[in-house]
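Chemist:
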Amino acid sequence: MAGHIGSSAEKATEDILDLVRSTNSLPVGFIGSGFSRRYMATPDWRSLLEYLAGLTGRPINQYFVNRTADPSVLYPKAASQIATAFSEVWWNDPKYAEQRDQYASDVHDISDPIKLQASLYIGQHSVVSDIGLQAELEAFSKARFQSFVTTNYDCLIEGQHSDFSCYESQSDALFSPIYEMGEIYKVHGSVKNFSSMVLTSEDYSDYERRNPYLIAKMMTLFVENPVLFFGYSVSDSHIQNMLNQLRTCLTEDQLKTLNDRMIFIGRPSRERPEELRRGSVVINGHTFYIQEAGLEDWAGLFSGLSELPYHFAPRVLRRLRESIYLAARNPEYSQKVKVVDIDDDTEIEKLEIVLGVGIIKELSDRGYGGLPFREYLIHMLEGKTTLNPNSLRQFTFVSYRNDYVPMHYFDWLSESCDSDPVDTSSKKMDRWREKQRTMKPNHATALQHADLTYRELSSSDIPYYLKSQVPLVLNNWEIDDVVALRDWLLSALSDLTNASVPTEFAKLACLYDRIVFGGEFKGDQAQLRLNLGLNEG
């Protein structure tokens with residue numbers, strides 16, 4: 102349980118915040134397994150292997166070849182042996198028949214079945230009931246970070262910082278453009294994609310081979326920002342390896358910049374008392390100077406981090422950098438992109454992309470030729486009234502190729518803005534209406550759950566692939582169900598790492614549109630919109 106902050110803890114907290122403030126940069130959060138154990142009671146490395154070994158019918162010790170070996174060597178080798186043993190079980194045991202039906206097409210490696218079990222097991226864990234820890238987590242969700250790096254498989258971070266973009270594996274971060282702000286790098290993979298999880302010795306070998314390239318790609322994060330380590334020990338093999346790779350990637354001046362800007366935070370102990378202390382760690386002849394602090398209660402630290410100043414939220418800057426990057430890579434835009442000064446007299450209508458200050462009126466008349474489908478859905482879910490509905494409609498007609506484009510929002514938007522009604526008469530719109538009116542789940546088994554509420558569905562153990570299908574056939578929607586659907590969709594859309602929106606998400610967005618803006622809600626419509634925070638103009 103999180104305890105009362107005493108004077109020593111208050112001083113340690115303020116010392117950490119002073120150190121972060123002195124850099125004039127937002128911190129990078131480096132999140133280890135201890136963080137998730139604190140808030141979700143997830144298993145540590147050995148406990149996870151013990152659980153997985155049990156699925157093969159053997160104790161974990163049978164898979165330890167050399168019990169005196171370092172865990173960073175012993176555990177991955179044991180995981181490889183467990184994976185081999187369990188693969189035979191998974192493919193043949195009738196107990197896993199339903200899983201095979203659901204996931205067989207996603208299994209491409211002998212280790213995938215055991216990774217699937219690991220992802221399902223970790224996915225069962227939720228936030229602990231301790232009120233103090235829940236308060237800490239609430240404070241964490243408001244804390245200001247530049248980005249996060251984590252070796253955890255679970256989804257705790259993206260659940261608390263849902264407006265950050267998430268790279269779900271080392272490969273995602275390596276082979277995608279990264280913008281170093283408003284992002285989460287899950288370098289050991291994610292339970293959302295079990296095959297991405299770094300678990301076996303083969304996985305770790307591949308990870309170590311690629312990691313210097315990833316460190317080099319993210320170098321700016323480590324040089325320009327303070328790094329707060331949560332849930333790690335300085336002696337952790339992952340940290341030791343990262344520091345060694347930084348040693349080989351950075352210049353001496355850059356390495357000096359790192360000194361004292363790496364802060365390790367954990368529970369108080371004899372080695373880590375409740376104060377901010379300077380320490381050092383030697384990696385292959387190079388001495389890194391670090392800071393360490395033991396804190397029983399982290400709420401004060403997170404609250405302090407929530408007050409750090411910034412001019413623009415990291416997620417806003419990330420989207421800006423992403424837009425510029427995409428425009429620069431597309432030759433068609435090379436003559437149509439301009440950074441506009443406040444007094445620039447360039448004619449707006451001749452440009453495709455404009456970055457400027459003080460020209461919102463001209464841009465609103467220009468239309469929404471740069472609004473991706475995902476962004477449109479987010480605007481709809483948030484009930485934004487700042488869009489020009491007629492300009493938006495024109496862009497939607499010519500550009501969106503998805504048949505599941507929410508339309509009732511158009512009408513509500515024009516009413517809220519006191520503008521002329523949006524003309525939605527066209528063959529294309531007629532096709533959209535018919536498609537959305539007759540939406541059905543892809544799996545007939547979804548009909549078996551039609552009497553659930555959406556909240557019951559969300560908390561049930563129904564397979565994930567059905568949870569996005571069942572809402573289409575639910576018989577009853579209460580206000581809290583609609584709010585929960587909205588919140589889930591916003592989180593899911595924010596988690597997407599590319600511009601493409603899965604059809605299942607688009608269908609659910611259309612369902613929400615029909616319920617909220619299309620008059621299909623059978624209860625108090627005014628109260629529903631009030632609870633959703635919609636501005637009725």
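The opening residue of the sequence shown carries number 102 in the working numbering; numbering runs sequentially from there. We treat Cβ as the ideally placed atom computed from N, Cα and C, and that holds for glycine. Predicted model only: the values in this text are computed from it and were never measured.
Within 10 angstroms of its Cβ, does Gln628 collect 16 or more other Cβ (buried), or is it exposed?
Modeler: For the purposes of this step, residue 628 is taken as residue 527 along the sequence shown, with counting starting at 1. When all chains shown are included, Gln628 counts as exposed.
Chemist: Could you tell me which of Ile316, Phe323, Gly367 sits nearest to Val335, measuring between CA atoms?
Modeler: By one-based count along the sequence shown, residue 335 stands at place 234. The candidate whose alpha carbon is nearest that of Val335 is Gly367.
Chemist: Quick check on the DSSP output: the alpha helix (DSSP H) that includes Ala240 runs from which residue to which?
Modeler: Numbered from 1 along the sequence shown, position 139 holds the residue referred to as residue 240. Residues 232–243.
Chemist: Start and end of the beta strand (DSSP E) containing Ala394?
Modeler: Position 293 of the sequence shown, counted from the first residue, corresponds to residue 394. Element bounds for Ala394: 387–395.
Chemist: If you compare alpha carbons, which of Lys541, Leu548, Pro542, Met508 is closest to Arg615?
Modeler: Sequence index remark: in the sequence shown, residue 615 carries index 514 (1-based). Per the Cα distances, Met508.
Chemist: Contact defined as beta carbons within less than 8 angstroms: I believe Gly624 pairs with Glu579. What is the distance between those atoms, to the nearest angstrom?
Modeler: Along the sequence shown, one-based indexing puts residue 624 at 523. Along the sequence shown, one-based indexing puts residue 579 at 478. Sure, about 7 angstroms apart at Cβ, within 8 angstroms.
Chemist: Excluding the 5 residues preceding and the 5 following Ser220 in the sequence, name in chain order all residues of the same chain whose CB lies nearer than 6 angstroms to its CB.
Modeler: If you number the sequence shown from 1, residue 220 lands on position 119. Correct list, in chain order: Val292, Phe295.
Chemist: Using C-beta distances below 6 angstroms, list every residue in its chain close to Trp399, excluding the 5 sequence neighbours before and after it, in chain order.
Modeler: Locating residue 399 in the sequence shown gives position 298, counting from the first residue. Here the set comprises Glu237.
Chemist: Drop a sphere of 10 angstroms on the beta-carbon of Phe276, count the other beta-carbons inside from all chains shown, and report buried for 16 or more, exposed for fewer.
Modeler: By 1-based counting over the sequence shown, the position of residue 276 is 175. Exposed is the call here.
Chemist: Identify every run of the beta strand (DSSP E) within the region 281–326, keeping only runs that are complete inside it and at least 3 residues long; order them along the chain.
Modeler: 284–287
Chemist: Measuring straight from C-alpha to C-alpha, what distance separates Gly233 and Arg348?
Modeler: The residue given as residue 233 occupies position 132 in the sequence shown. The residue given as residue 348 occupies position 247 in the sequence shown. Looking at the two C-alpha atoms, the distance is approximately 39 angstroms.
Chemist: Run the CB neighbour count on Asp582, radius 10 Å, all protein chains shown included, and call it buried at 16 or more, exposed below.
Modeler: For this step, residue 582 is matched to residue 481 along the sequence shown. Per the 10 Å Cβ criterion, buried.
Chemist: DSSP three-state label for Phe249, please.
Modeler: One-based indexing of the sequence shown puts residue 249 at position 148. Three-state result, Phe249: strand.
Chemist: Quick test of your reading: Leu322 and Ser248, contact by CB under 8 angstroms. State the CB separation rounded to the nearest angstrom.
Modeler: By one-based count along the sequence shown, residue 322 stands at place 221. By one-based count along the sequence shown, residue 248 stands at place 147. Separation of the CB atoms of Leu322 and Ser248 is rounded to 6 angstroms, and the pair is thereby assigned contact status at 8 angstroms.
Chemist: Mapping DSSP to helix, strand and coil, what is Gly619?
Modeler: Working through the sequence shown from its first residue, we reach residue 619 at position 518. Gly619: coil per DSSP, three-state reduction.
Chemist: Alpha carbon to alpha carbon, how far is Arg538 from Thr252? Give it in angstroms, no decimals.
Modeler: Along the sequence shown, one-based indexing puts residue 252 at 151. Along the sequence shown, one-based indexing puts residue 538 at 437. Taking the straight line from one Cα to the other gives about 43 angstroms.
Chemist: Ala244 and Leu377 - do their beta-carbons sit closer together than 9 angstroms?
Modeler: Working through the sequence shown from its first residue, we reach residue 377 at position 276. Working through the sequence shown from its first residue, we reach residue 244 at position 143. No. Outside cutoff.
Chemist: Could you tell me the alpha carbon to alpha carbon distance between Phe165 and Tyr152, rounded to whole angstroms?
Modeler: Your numbering for residue 165 matches position 64 in the sequence shown. Your numbering for residue 152 matches position 51 in the sequence shown. Cα to Cα, Phe165 sits roughly 14 angstroms from Tyr152.
Chemist: By DSSP, does Ser515 sit in helix, in strand, or in coil?
Modeler: Looking up residue 515 in the sequence shown gives position 414. Helix at Ser515.
Chemist: How big is the Cα-Cα spacing for Ala240 and Asp361?
Modeler: As a working note, residue 240 is residue 139 in the sequence shown. As a working note, residue 361 is residue 260 in the sequence shown. Near 25 angstroms, if we compare the C-alpha coordinates of Asp361 and Ala240.
Chemist: With H, G and I counted as helix, E and B as strand and the rest as coil, what does DSSP make of Ser212?
Modeler: Residue 212 sits at position 111 when you count from the first residue of the sequence shown. Ser212: coil per DSSP, three-state reduction.
Chemist: Under 7 angstroms Cβ to Cβ from Ala110, same chain only, skipping five residues before and after it: list those, please.
Modeler: As a working note, residue 110 is residue 9 in the sequence shown. Closer than 7 angstroms at the Cβ level, and outside the excluded window around Ala110, lie Glu375, Leu396, Glu397, Asp398.
Chemist: Buried or exposed: Ala205, going by 16 or more other Cβ atoms within 10 Å of its Cβ?
Modeler: For the purposes of this step, residue 205 is taken as residue 104 along the sequence shown, with counting starting at 1. Burial call: exposed.
Chemist: So the alpha helix (DSSP H) Gly260 belongs to, where does it begin and stop?
Modeler: If you number the sequence shown from 1, residue 260 lands on position 159. Where Gly260 is concerned, the enclosing alpha helix (DSSP H) stretches over 257–261.
Chemist: Let's see if you can read the secondary structure: which residues bound the alpha helix (DSSP H) around Tyr152?
Modeler: Indexing the sequence shown from 1 puts residue 152 at position 51. Tyr152 -> alpha helix (DSSP H) spans 146–155.
Chemist: Counting only the same chain and skipping the five closest in sequence on each side, list residues whose C-beta sits under 6 angstroms from that of Gly104.
Modeler: Counting from one through the sequence shown, the residue named residue 104 turns up at place 3. Residue confidence is low: Gly104 scores 40 on pLDDT, short of 50, so the model does not pin down where it sits. Its coordinate-derived value is still stated next. Closer than 6 angstroms at the Cβ level, and outside the excluded window around Gly104, lie Glu397, Asp398.
Chemist: Any idea what DSSP makes of Ser401, helix, strand or coil?
Modeler: Residue 401 sits at position 300 when you count from the first residue of the sequence shown. The sequence as given places Gly at residue 401; Ser does not occur at that position. Gly401: helix per DSSP, three-state reduction.
Chemist: Nearest CA to the CA of Asp231: which residue from Arg532, Leu175, Tyr140?
Modeler: On the sequence shown, position 130 is the one that residue 231 refers to. Ranking the options by Cα distance to Asp231, first place goes to Tyr140.
Chemist: Can you name the start and end residues of the alpha helix (DSSP H) that Ile384 belongs to?
Modeler: Mapped onto the sequence shown, residue 384 falls at position 283. Looking at the DSSP string, Ile384 is not in any alpha helix (DSSP H); the run it does join, the beta strand (DSSP E), is 377–384.
Chemist: Could you check if Lys608 is buried or exposed, using at least 16 other CB atoms within 10 Å of its CB as the buried criterion?
Modeler: To locate residue 608, count along the sequence shown from 1; it is residue 507. With 16 or more Cβ atoms within 10 Å of its Cβ, Lys608 is classed as buried.
Chemist: Could you say which of Leu120, Ser173, Tyr197 lies nearest to Thr157 if we only look at CA atoms?
Modeler: For this step, residue 157 is matched to residue 56 along the sequence shown. Selected option, being the one with the closest Cα: Tyr197.
Chemist: On the criterion of 16 or more Cβ atoms from any shown chain inside 10 Å, does Gly634 qualify as buried, or is it exposed?
Modeler: Within the sequence shown, numbered from 1, the residue matching residue 634 stands at position 533. By the beta-carbon neighbour count (other beta carbons within 10 angstroms, threshold 16), Gly634 is exposed.
Chemist: Per DSSP, which residues does Cys267 bridge with? Please list them.
Modeler: As a working note, residue 267 is residue 166 in the sequence shown. Ile285.
Chemist: Helix, strand or coil for Leu629? Go by DSSP, reduced to three states.
Modeler: Position 528 of the sequence shown, counted from the start, is the residue given in the question as residue 629. Correct three-state label for Leu629: helix.
Chemist: Across which residues does DSSP place Ile366 in a beta bridge pair?
Modeler: Stepping through the sequence shown from its first residue, residue 366 is reached at position 265. Looking at the DSSP assignment, Ile366 forms a beta bridge with Phe331, Ala394.
Chemist: Which one of Thr352, Lys357, Ile364 has the shortest CA to CA distance from Ile340?
Modeler: Counting from one through the sequence shown, the residue named residue 340 turns up at place 239. Nearest C-alpha to Ile340: Ile364.
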